[in-house]
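Read in order, the letters of the sequence shown correspond to residues 133 to 331 in this note's numbering. Scroll down for the structure; my scribbles are underneath it.
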Amino acid sequence: MSNFDGLSYHSISFEMQENFLCSYCHRLLVEPKVIICGHRYCSLCLKKFIKNDESTNCIVDNCSQIITNDGIYTDFGVINDLKRLTDIICYNKSNGCSWQGNYMAYKEHLQVCTFQHIQCEYCAITFTNHVLYEQHDRICPKALVSCPLKKFGCNTQIRREALQDHILSSSVEHLQILADICSFHVSEELKILWCFQNK
C-alpha cells in the first residue's frame with residue numbers, strides 16, 4: 133500500500149486526492165478552508181501565512197488572488213467527502229508512526245501524534261503536536277506582529293519581542309494618529325449637532 137501525504141492510493145481516485153490536499157502543506161486537509169479562487173488550505177496552514185489580519189496572495193503558482201480573512205470559507209462539501217475516507221495513513225509514517233484509520237479519527241490523531249515535527253518559522257523551535265505549536269505561535273518572541281494601532285494607520289510590522297520598544301519609541305507618532313482621528317470624529321459630531329439644532 134502506498135502513501136500520498138496522509139492518503140493511501142487505493143482509498144480514492146487521484147482527482148479526488150488533489151481536492152483533498154492543502155495548497156500549503158500538500159497533505160490531507162484538516163479543517164479545510166477554500167478561498168475565492170477555489171484553492172483549499174488547512175485552517176492551521178492559513179493561520180501560518182496570514183498573520184495579524186493581513187492580506188496576502190494565494191501561494192499556488194500563477195494565482196494572484198489576494199486572500200483576506202473575509203474571503204475565506206469553510207469547505208463543507210470537501211468536509212463531507214473527507215468524512216467518507218476510511219483508509220487514511222498518518223503522514224508521519226516516514227517518522228515512524230503506524231496509525232491508520234478514518235478521517236474523523238485522523239483529525240484527533242494529529243493532535244496527539246508524537247511522530248510529527250512542526251517547526252516555528254520564526255525561531256526554529258520544533259514541536260511534536262499542533263496544540264503546542266499553536267500555543268507557542270501566539271507568544272513566540274521572534275514572530276512578526278503588527279502595531280496595535282495598525283487599524284488607525286501605523287503600518288509597522290515588528291518582532292513581538294521588540295513591540296514594546298516600538299510602542300514607546302513611536303508614542304509621539306501614535307498620539308498624532310489618535311489626535312487626527314479624534315479631531316475628525318469631534319468635528320463630525322459637531323456637524324451633526326449643528327444640523328440637528330438648525331432643523
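Every residue gets a Cβ at the ideal spot worked out from N, C-alpha and C, and that includes glycine.
CB-CB length for residue i against residue j, believed under 8 Å
{"i": "phenylalanine 152", "j": "leucine 214", "result": "6 Å"}
{"i": "serine 278", "j": "glutamine 296", "result": "That belief does not hold up - the Cβ atoms of serine 278 and glutamine 296 are roughly 14 Å apart, past 8 Å."}
{"i": "isoleucine 250", "j": "histidine 241", "result": "So it is not a contact: roughly 15 Å between Cβ atoms."}
{"i": "glutamine 247", "j": "asparagine 224", "result": "According to the sequence displayed, residue 247 carries phenylalanine and not glutamine. Correct: roughly 4 Å between the Cβ atoms."}
{"i": "threonine 188", "j": "isoleucine 199", "result": "6 Å"}
Sequence-distant residues of the same chain with beta carbon closer than 6 Å to residue i, five excluded per side
{"i": "cysteine 406", "result": "Residue 406 is absent from the model: the chain starts at 133 and stops at 331."}
{"i": "cysteine 177", "result": "Cys154, Tyr156, Cys157"}
{"i": "tryptophan 231", "result": "Cys222, His241"}
{"i": "isoleucine 299", "result": "none"}
{"i": "threonine 258", "result": "His249, Gln251"}
Other residues of its chain near residue i: CB distance less than 8 Å, five sequence neighbours each side excluded
{"i": "serine 175", "result": "Val162, Glu163, Pro164, Lys165"}
{"i": "serine 196", "result": "Asn189, Cys190"}
{"i": "asparagine 227", "result": "Phe247, Gln248, His249"}
{"i": "glutamate 293", "result": "Pro273, Lys274"}
{"i": "serine 315", "result": "none"}
Continuous alpha helix (DSSP H) stretch holding residue i: start and end
{"i": "glutamine 248", "result": "Neither: glutamine 248 is in no alpha helix (DSSP H) and is coded neither H nor E."}
{"i": "leucine 295", "result": "295-301"}
{"i": "leucine 153", "result": "Here leucine 153 belongs to no alpha helix (DSSP H), and DSSP marks it neither H nor E."}
{"i": "valine 244", "result": "235-244"}
{"i": "isoleucine 191", "result": "Where isoleucine 191 is concerned, there is no enclosing alpha helix (DSSP H), given that its DSSP letter is neither H nor E."}
{"i": "valine 166", "result": "Where valine 166 is concerned, there is no enclosing alpha helix (DSSP H), although the beta strand (DSSP E) it sits in stretches over 164-167."}
{"i": "isoleucine 211", "result": "208-215"}
{"i": "aspartate 269", "result": "262-269"}
Residues of its chain near residue i, where Cβ-Cβ distance is below 7 Å and the 5 sequence neighbours each way are ignored
{"i": "isoleucine 204", "result": "Lys165, Ile167, Leu178"}
{"i": "phenylalanine 136", "result": "In this prediction, phenylalanine 136 scores a pLDDT of 44, lower than 50, which makes its location untrustworthy; the coordinate-derived value is nonetheless stated afterwards. Contacts found: Gln149."}
{"i": "alanine 311", "result": "none"}
{"i": "lysine 239", "result": "Val162"}
{"i": "isoleucine 313", "result": "Phe284"}
Among the options, the one whose alpha carbon lies nearest that of residue i
{"i": "isoleucine 309", "options": "Leu300, Lys282, Arg291", "result": "Lys282"}
{"i": "glutamate 253", "options": "Leu242, Leu276, Gln243", "result": "Leu276"}
{"i": "aspartate 269", "options": "Asn287, Arg291, Gln197, Ala311", "result": "Arg291"}
{"i": "glutamate 305", "options": "Ser315, Cys314, Cys286", "result": "Cys286"}
{"i": "threonine 260", "options": "Ile313, Ser187, Cys229", "result": "Cys229"}
{"i": "arginine 159", "options": "Ile257, His298, Tyr235", "result": "Tyr235"}
{"i": "arginine 216", "options": "Cys314, Ala237, Ser226, Leu307", "result": "Ala237"}
{"i": "glutamate 186", "options": "Pro280, Ile257, Ile299", "result": "Pro280"}
{"i": "valine 244", "options": "Leu300, Ser226, Tyr265", "result": "Tyr265"}
{"i": "asparagine 201", "options": "Val210, Phe181, Asn212", "result": "Phe181"}
{"i": "isoleucine 211", "options": "Trp231, Ser303, Tyr173, Leu300", "result": "Tyr173"}
Boundaries (first-last residue) of the beta strand (DSSP E) holding residue i
{"i": "cysteine 174", "result": "172-174"}
{"i": "leucine 160", "result": "Looking at the DSSP string, leucine 160 is not in any beta strand (DSSP E), and its letter there is neither H nor E."}
{"i": "leucine 281", "result": "Per DSSP, leucine 281 belongs to no beta strand (DSSP E) and is neither H nor E."}
{"i": "arginine 291", "result": "289-291"}
heavy atom of the ligand SAH below 7 Å from residue i C-beta
{"i": "isoleucine 309", "result": "Ligands displayed in this structure: none; no statement on the ligand SAH is therefore possible."}
Should the region 192-209 be regarded as contacting the region 164-181, the criterion being three or more beta carbon pairs within less than 8 Å? The region 192-209 vs the region 164-181: in contact.
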